[in-house]
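Working notes for the structure below.
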């Protein structure tokens, strides 16, 4: 099925049911995670580095250290909760996007408001990001904790859960959720906003193969570039209790601590690898979603 046959199923007024969006979103999330998992591991390791930015490790140094001390399999540490996270997150994100988009369109009609397609997508995307974060956050935390383990022996997901509940209580499963909500809602809103802008500008190029992926790549770079410090703050909050042997820290307090010890650039550790990971992840996710929806709508028995 050529790219020229596919419409934009995320634009304002598109006709996609929540069930279609849930199924297509789950596939999109699972596929994009499976392909980009090693990049995510490297990004998180860089973000958890607490030394001054000027003494930061390079991507090559992190990879060499991982392979030498922990083995090749270390590049997939935390992959089980991460894969679950991405499948659930993708499904919930796109399903809630479909529901919220329909409701916002009805709200606009009722109150005679006419938001531009890109602003409509940004508002809906932020709501979808908030919803999916709340629904899947414990898996995000588990992924980060497992990746943070620098031992050659891999921690099990069940063992990590037991350790968190024993030492930190149920609230430990939600450590860092405040910056996560702000970070993900902002990133997702900006991603859908920039995706819709890119799709609108690419109309004359819609016959180009993988045009959805190209627009998704642009969306990923734009959204992550703006909100990256919040992502770093979220990752640090998720492991703070383990690293320092204390209770989870307040996000604002940690923010001030990072600025004092590492400087403003400390919030951008892992930024390069993050762009290398986020851009293709967004491209694959949005392309796979669009392709799956198009396939479902063009196949009578689906």
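In the numbering used here, the protein residues as written are 904 to 1205.
Glycine is no exception: its CB is placed at the ideal position from the N, C-alpha and C atoms.
Where residue i falls: helix, strand or coil (DSSP)
| i | result |
| --- | --- |
| residue 883 | Nothing can be reported for residue 883, as the shown portion of the chain is limited to 904 through 1205. |
| residue 1110 | coil |
| residue 1014 | coil |
| residue 932 | helix |
| residue 1002 | helix |
| residue 951 | coil |
| residue 919 | coil |
| residue 1193 | helix |
| residue 1173 | coil |
| residue 1134 | helix |
| residue 908 | Confidence is the limiting factor: at residue 908 the pLDDT is only 48, short of 50, which leaves the residue's position unreliable, though a coordinate-based value still follows. In the structure shown, residue 908 sits in a helix (DSSP, three-state: H, G or I). |
Selected residue, minimal CA-CA separation from residue i, among the options
| i | options | result |
| --- | --- | --- |
| residue 1133 | 1017, 980, 950 | 950 |
| residue 1191 | 932, 1153, 1004 | 932 |
| residue 994 | 1188, 1197, 1199 | 1188 |
| residue 1207 | 1198, 1153, 1129, 1075 | Nothing about residue 1207 can be read from this structure; the chain reaches only from 904 to 1205. |
| residue 1175 | 1029, 940, 1131 | 1131 |
| residue 1068 | 1054, 1099, 1045, 1154 | 1045 |
Counted within 10 angstroms of its Cβ, other Cβ atoms place residue i as buried (16 or more) or exposed
| i | result |
| --- | --- |
| residue 1107 | exposed |
| residue 1065 | exposed |
| residue 1042 | buried |
| residue 908 | Any reading at residue 908 must be qualified, since the residue scores a pLDDT of 48, below 50, and its modelled position is unreliable; no value is offered. |
Test item: CB-CB of residue i and residue j under 8 Å
| i | j | result |
| --- | --- | --- |
| residue 971 | residue 1052 | no |
| residue 1024 | residue 915 | yes |
| residue 1141 | residue 1079 | yes |
| residue 962 | residue 945 | yes |
| residue 1139 | residue 1162 | no |
| residue 1048 | residue 985 | no |
| residue 1195 | residue 1016 | no |
| residue 1007 | residue 1039 | no |
Exercise. Decide yes or no for the touch test of the segment 1171-1187 against the segment 1112-1125: beta carbon pairs closer than 8 Å, at least 3 of them.
Key: yes
Evaluate contact between the segment 1032-1049 and the segment 988-1002, counting only Cβ atoms and requiring at least three cross-stretch pairs below 8 Å. yes
Three CB pairs or more closer than 8 Å across the segment 975-991 and the segment 1166-1173
no
* Any 3 or more C-beta pairs closer than 8 Å across the segment 1090-1107 and the segment 1140-1156 -> no
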